[in-house]
Each structure stands twice: as C-alpha cells, then as structure tokens.
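So the structure is just underneath, and the comments pick up after that.
In mature numbering (1 follows the signal peptide of the UniProt record, and there is no 0), the protein residues as written are -18 to -1, 1 to 213.
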C-alpha cells in the first residue's frame, strides 16, 4: 500500500516537472529569460515568476493569466495573494535594507523609494509616527529614472555606506552624496518591477500586497490590522 502511494506521488511529481518544462519553454520562446515556476493556491494553475512580473499558467502550458489573485476568506475579508510568490525574494534582501525598527514591533512594511521623490520625503518624515504605532519601516531602492540616473548611483552609495541612515538623511535633505556604480540598487529595482511598482513610494505589506503612494501612519496601521484579521 505504501509503495503504491509512493509510486503515485512520484508519477505526479514527474508530470508536474514535465508540465513546468513546457511552460518554461513557451515563456522563454516568448522572450522572457527568468522563469520560476511553483504551485499556486488555485487547483490547475501554476504560479510563474518572471522579470516582467507574476503570471498564472494552466498546467498544460496553453493558457496564461496576469492580474490580482484574491482569496475570499472565511472571515469575510478579501486577502490579496498576488505577490505571495515574491515574499521569499523580498526577505532574501533583508540584510541590504535600511531599517527603522519599531520598539514594540507589530508589523513590518517594506517601502520601495526614491530619495528625490517628494512623497517619499513626506513618508520619511513620518518614520517616528510609524514606529510609535508598532510599524517597522524597511527601505529598498527604486530610482524612478532608471539605473543610468545620478540618483540611482547616489542611492547605491547610501546602501553600501557604514552609516546608511545618515547618508539617507543627507540625500532626503538635498545634500550631495557621492555616486557609485549600481549593484544592490539594480536588484532592488528589478524586484520592485516584479511586484508591480511603477512609482514611489510603493509599500509592500507583510502579506505582499502593494500599496502605491504616501500613506499616513494611522491609515497604514488600520490597513495592516485589516490584513492581519483576514488571514
């Protein structure tokens, strides 16, 4: 009996690998170079992470979807699962983040930001208010004008500096910071695109939901509480 179950599982695993190979080939032929395939919460669909964002593919590789994946939970609240496959990639960059920790942390958000962005500067001035409400703020870079911009190279200096917070404050306040060829910032920028970021600031919640724009601390706390209650 156990041997039969094992053979069935091995057969299903082999079939999944074969289907994933079909999906990967079709997307490579379409011009996508980075393709990572995994299970999705929906039966019959595979999650596909690419440099152009997240897709969902039928197991035979014939049909593809792109858009929000929302679960209507037993608690009656929608839970956005669209970016869940990217949370591991986000956490892999945690040692590169500039972190402003809450003393009594209840939630941690990640903000893709550009130091030349006015609304990013407003959010940065609210860091203490976020922290007072138990919200840790973690920064990743997203230079709006791309990798060839001066601000991208300045932000690279910030993320490689010994006193990142001071360098960040210097940039936020218009003071000159040296430029460095981009490396870390490029990784942040690429991940931001995968999350669907197209402007700054862009806030990623603990569950991976993307919230565009500047959000005041009290409103952010309410959103996080609602997300936590829905899971």
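All C-beta atoms in this analysis are idealised placements derived from N, C-alpha and C, irrespective of residue type, glycine included.
- Less than 8 Å divides the Cβ of residue 147 from the Cβ of residue 80.
- The beta-carbon separation of residue 182 and residue 206, rounded to 20 Å, does not stay under the 8 Å limit for a contact.
- For residue 128 and residue 97, the gap between their C-alpha atoms comes out near 13 Å.
- Taking the Cα of residue 47 as reference, the smallest distance to any Cα among 27, 65 and 61 is reached at 27.
- In the same chain as residue 65, and ignoring 5 residues on each side of it, the C-beta atoms closer than 6 Å to its own belong to 177 and 190, in chain order.
- Counting C-beta pairs closer than 8 Å gives three or more between the stretch 29 to 46 and the stretch 66 to 74, which meets the contact rule.
- In the DSSP assignment, no residue is bridged to residue 56.
- In the DSSP assignment, residue 35 is bridged to 32.
- When DSSP states are grouped into helix, strand and coil, residue 50 belongs to the coil group.
- Look at residue 121 here: in three-state DSSP terms it is strand.
- For residue 21 and residue 39, the gap between their C-alpha atoms comes out near 10 Å.
- The residues 132, 135, 136, 138 and 139, in chain order, have a CB closer than 8 Å to that of residue 161 in the same chain once the five nearest residues on each side in sequence are set aside.
- Secondary structure of residue 17 (DSSP, three-state): strand.
- Here residue 151 carries a helix assignment [DSSP, helix/strand/coil].
- Sequence-distant Cβ neighbours of residue 60 in its own chain, meaning closer than 8 Å and more than five residues away, are 52, 53, 54 and 212.
- For the 8 Å CB-CB criterion, residue 174 and residue 94 form a contact.
- Short of 7 Å from the beta carbon of residue 43, and not among the five residues preceding or following it, lie these beta carbons of its own chain, in chain order: 1, 4, 5 and 8.
- Going by C-alpha positions, residue 90 is about 6 Å away from residue 117.
- Checking the DSSP bridge columns, you'll see residue 194 partnered with 184.
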